[in-house]
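Residues 1 to 573 (full-length UniProt numbering) are what the sequence shown spells out, left to right. Just so it is clear, CB atoms sit at the ideal spot from N, CA and C, and this is done for glycine as well. Computed from a prediction, not measured in an experiment: that's the story for all the values here.
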Amino acid sequence: MGEFFKQKRIGDILVEKGDLTSDQQMYAADRQKNSSSRFGEICVQDGLVTEEAVTRALADQFGMEYVDLSGFKMDETILNALIPDSIYRYHFVPLELRDDALVVAIADPTDVVKLDELEMFLNQPLVMKLATESLIEQVLKRGEGTSRVLKEVSEDFMLQLVTETDKGEEVLSVEKISTDTSPIIKLVNSTVLDALNKRASDIHIETAQEGVIIKYRVDGVLYKATDPIDNHFQGPIISRLKVMSELDISERRIPQDGRFKVRINGKSIDFRVSIMPSAFGEDAVIRILDKESIASDLKGLTLDTLGMAQREIKRFRKMIREPYGMVLVTGPTGSGKTTTLYAALTEIHTGEEKIVTIEDPVEYLLRGIVQIPVNEKKGLTFARGLRSILRHDPDKIMVGEIRDPETAQIAVQSALTGHLVFTTVHANNAFDVLGRFIHMGIDPYNFVSCLNCVMAQRLVRKICTKCKYPVSVSDEALRESGIDPDQCRNVTFYDAKGCDDCNHTGYRGRAAIVELLDLNDDIRELIISKAPTAQLKRAASEAGTIFLRESAVEKVLAGETTLREINRVTFVE
Numbered sequence: 001m002g003e004f005f006k007q008k009r010i011g012d013i014l015v016e017k018g019d020l021t022s023d024q025q026m027y028a029a030d031r032q033k034n035s036s037s038r039f040g041e042i043c044v045q046d047g048l049v050t051e052e053a054v055t056r057a058l059a060d061q062f063g064m065e066y067v068d069l070s071g072f073k074m075d076e077t078i079l080n081a082l083i084p085d086s087i088y089r090y091h092f093v094p095l096e097l098r099d100d101a102l103v104v105a106i107a108d109p110t111d112v113v114k115l116d117e118l119e120m121f122l123n124q125p126l127v128m129k130l131a132t133e134s135l136i137e138q139v140l141k142r143g144e145g146t147s148r149v150l151k152e153v154s155e156d157f158m159l160q161l162v163t164e165t166d167k168g169e170e171v172l173s174v175e176k177i178s179t180d181t182s183p184i185i186k187l188v189n190s191t192v193l194d195a196l197n198k199r200a201s202d203i204h205i206e207t208a209q210e211g212v213i214i215k216y217r218v219d220g221v222l223y224k225a226t227d228p229i230d231n232h233f234q235g236p237i238i239s240r241l242k243v244m245s246e247l248d249i250s251e252r253r254i255p256q257d258g259r260f261k262v263r264i265n266g267k268s269i270d271f272r273v274s275i276m277p278s279a280f281g282e283d284a285v286i287r288i289l290d291k292e293s294i295a296s297d298l299k300g301l302t303l304d305t306l307g308m309a310q311r312e313i314k315r316f317r318k319m320i321r322e323p324y325g326m327v328l329v330t331g332p333t334g335s336g337k338t339t340t341l342y343a344a345l346t347e348i349h350t351g352e353e354k355i356v357t358i359e360d361p362v363e364y365l366l367r368g369i370v371q372i373p374v375n376e377k378k379g380l381t382f383a384r385g386l387r388s389i390l391r392h393d394p395d396k397i398m399v400g401e402i403r404d405p406e407t408a409q410i411a412v413q414s415a416l417t418g419h420l421v422f423t424t425v426h427a428n429n430a431f432d433v434l435g436r437f438i439h440m441g442i443d444p445y446n447f448v449s450c451l452n453c454v455m456a457q458r459l460v461r462k463i464c465t466k467c468k469y470p471v472s473v474s475d476e477a478l479r480e481s482g483i484d485p486d487q488c489r490n491v492t493f494y495d496a497k498g499c500d501d502c503n504h505t506g507y508r509g510r511a512a513i514v515e516l517l518d519l520n521d522d523i524r525e526l527i528i529s530k531a532p533t534a535q536l537k538r539a540a541s542e543a544g545t546i547f548l549r550e551s552a553v554e555k556v557l558a559g560e561t562t563l564r565e566i567n568r569v570t571f572v573e
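Written out as structure tokens, the structure reads:
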């Protein structure tokens with residue numbers, strides 16, 4: 001009888017399954033003697049076995065069933081039957097609600113006290129299954145929980161509002177949301193958390209006739225986060241944002257701008273808040289500046305990571321390695337101009353040259369590069385800063401944006417006197433830029449002699465690889481999009497259904513499409529002689545320029561994006 005209760009050791013199970021050798025088992029057992037970690041943890045830490053193998057072995061050891069949670073989505077009806085924060089507090093995933101019991105996935109079957117406590121807390125019998133810690137974490141993080149708290153909060157608004165007087169850092173976490181007293185604080189906090197989980201860049205809080213609508217901008221496109229919330233909560237929501245941003249709560253008639261900082265899971269995230277009076281009250285837009293995650297993305301930032309066509313990267317690399325001149329990037333707000341310039345600076349930065357930038361504001365910090373923020377209030381404008389930079393003995397200069405004739409004049413002068421100047425300007429395509437500078441009163445001869453290249457840029461959303469599927473496109477639709485049907489008989493076009501991975505949008509991430517105008521002598525002559533744009537375009541095309549629309553069509557033909565997306569971003573010429 002004693003034999004029956006004797007439990008096999010996890011090491012023996014792993015060896016039996018062929019996941020571990022006897023030598024590795026002895027090595028891990030030796031390591032365990034001097035460590036507080038468990039045998040399985042040590043094996044995973046040292047890369048001897050995978051987390052899944054250890055969890056499967058644990059399932060064998062305890063006679064439990066193993067479940068693979070990859071791609072699992074929690075069932076809304078089960079969630080509604082549970083106490084909202086229980087899944088976070090006890091770290092489990094509800095799988096199925098039977099008549100007699102609730103089936104849950106847990107990671108640690110040895111923590112008997114916690115499991116008993118969970119059974120008592122939920123007040124129903126549990127059927128336990130095992131899943132890996134990291135996949136449980138992933139399912140919980142996917143935002144069902146936070147959007148659930150959001151939904152619950154908007155239903156639960158009849159609680160008394162608590163006025164907030166504290167200032168300073170706000171600490172947000174899922175645990176804090178569930179215990180916080182005021183539903184308004186709960187709503188704002190969980191909105192911020194939910195937006196971060198969904199990779200949003202902005203949160204829009206808009207007041208309309210039907211109520212307050214919260215939207216997120218993900219990959220450059222807005223979508224609704226919740227159903228409309230009753231209008232008489234608009235005041236408290238905006239007031240809460242004003243308190244967090246240290247703005248004047250009593251002023252409701254003029255726009256206000258502020259910022260706040262949040263610490264989440266040990267990292268700081270900056271938020272910029274803009275509040276604007278509208279017909280139904282005040283609206284707010286919160287820009288999320290997750291500098292740490294951007295910095296980690298920027299570690300490997302090169303032109304290759306931007307998704308540009310290899311052919312254009314080759315041409316652009318040649319321009320940014322010139323000893324002097326001007327490299328201009330153009331496009332609307334949010335088209336990734338600054339990121340492209342940062343990628344260019346990161347590539348050419350060897351430590352042998354002084355690189356100075358002036359930006360409004362400094363968006364992300366680059367190692368080894370001097371970055372100066374514009375401060376209009378104190379009189380540090382682009383023009384004034386640029387003058388000072390030139391006395392700072394730079395080799396390469398980046399000017400965040402050319403907005404006025406004075407900055408344009410100094411930038412052109414710097415490029416003519418032996419500096420390599422990187423800058424951006426707002427224009428729709430590479431040819432409009434030339435007109436912009438000449439309208440600013442810049443001498444055309446000076447301008448074209450200093451200009452190395454002009455690059456117009458847009459961002460297109462990449463189709464989600466998890467849920468994309470082939471579609472057939474009619475010849476008529478292709479012709480409307482400016483594509484010759486005969487040239488793409490063998491091309492597969494794709495669309496996407498939308499899945500958890502892409503927040504049901506069908507797209508995940510963005511890639512740059514570019515129009516790179518290389519200024520050769522013929523094009524310089526045409527610009528100085530004020531030739532019409534059509535003639536300029538012909539000359540540019542002969543010199544190897546691929547226009548924005550052609551660049552976008554290439555992305556569709558390569559199966560990276562959809563026809564619908566490129567028609568949103570560029571138009572048929």
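Between the C-alpha atoms of residue 404 and residue 47, what's the straight-line distance to the nearest angstrom? 58 Å
Output the distance between the C-alpha atoms of residue 486 and residue 516, rounded to the nearest integer angstrom. 27 Å
I'd like the list of long-range same chain contacts for residue 218, defined as Cβ closer than 8 Å, with 5 residues on each side in sequence excluded. 198, 199, 200, 201, 503, 505
Option nearest residue 227 by Cα separation, candidates 238, 213, 449, 28: 213
Excluding the 5 residues flanking residue 495 on each side, which residues of the same chain have their C-beta closer than 6 Å to its C-beta? 471, 562
Given a cut-off of 8 Å on the beta-carbon distance, is the pair residue 326 and residue 408 in contact? no
Span separating the alpha-carbon of residue 155 from that of residue 188: Bear in mind that a pLDDT of 46 at residue 155, under 50, signals an unreliable position, so the number given afterwards is only what the model happens to contain. Going from the Cα of residue 155 to the Cα of residue 188 covers about 14 Å.
Evaluate contact between the stretch 55-71 and the stretch 13-30, counting only Cβ atoms and requiring at least three cross-stretch pairs below 8 Å. yes
For residue 461 and residue 509, the rounded distance between their alpha carbons: 6 Å
CB-CB under 7 Å to residue 70, same chain, minus the five flanking residues each way: which ones, in chain order? 135
In its own chain, which residues sit with a C-beta less than 8 Å from the C-beta of residue 339, not counting the 5 before and 5 after it? 301, 306
Local conformation of residue 462 per DSSP, three classes: strand
Coil, strand or helix - residue 367 by DSSP: coil
Reduced DSSP secondary structure (H/G/I, E/B, other) of residue 128: strand
Residues near residue 133 in its chain [Cβ-Cβ closer than 6 Å; skip 5 each side]: 107
Helix, strand or coil: how does DSSP classify residue 543 here? coil
Nearest to residue 432 by CA position, among 456, 420, 419, 358, is which residue? 456
Residue 602 lies in the alpha helix (DSSP H); which residues open and close that run? Past the edges of the chain, shown from 1 to 573, lies residue 602, and the structure says nothing about it.
In chain order, what residues of the same chain have a beta carbon less than 8 Å from the beta carbon of residue 558, not counting five sequence neighbours either side? none
Going along the chain, which unbroken runs of the beta strand (DSSP E) with 3 or more residues stay wholly within the stretch 457-522? 468-471, 493-496, 507-518
Mind listing, in chain order, the continuous beta strand (DSSP E) runs of no fewer than 3 residues lying wholly within the stretch 48-121? 93-97, 102-106
If you compare alpha carbons, which of 222, 362, 412, 483 is closest to residue 383? 412
Collapsed DSSP secondary structure at residue 452 in the structure displayed: strand
If distances are taken between C-alpha atoms only, which option among 237, 544, 353 comes closest to residue 182? 237
Which residues in the same chain as residue 139 place their Cβ atom closer than 6 Å to its Cβ, once the five residues preceding and following it in sequence are excluded? 69, 72, 93
Contacts around residue 119, its chain only, beta-carbon distance under 8 Å, and the 5 residues preceding and following it disregarded: 125, 126
Sort 523, 534, 98, 323 by Cα distance to residue 444 and report the nearest one. 523
Using a Cβ-Cβ cutoff of less than 8 Å, which residues in the same chain neighbour residue 83 once the five nearest sequence positions on both sides are dropped? 121, 122
Using CA atoms only, rank isn't needed, just tell me which of 402, 270, 112 is closest to residue 442. 402
Cβ separation of residue 513 and residue 458, assumed to be a contact under 8 Å, to the nearest whole Å: 5 Å
Alpha carbon to alpha carbon, how far is residue 116 from residue 9? Give it in angstroms, no decimals. 24 Å
Within its chain, find whatever has a CB closer than 7 Å to the CB of residue 141; leave out the 5 residues flanking it on each side and keep chain order. 197
So, is residue 223 buried or exposed, given that buried needs 16 or more other C-beta atoms within 10 angstroms? exposed
Looking at the structure shown, is residue 422 part of a helix, part of a strand, or coil, going by DSSP? strand
Among 78, 255, 271, 253, which has the Cα closest to the Cα of residue 261? 271
Mark residue 543 as exposed unless 16 or more other C-beta atoms lie within 10 angstroms of its C-beta, in which case mark it buried. exposed
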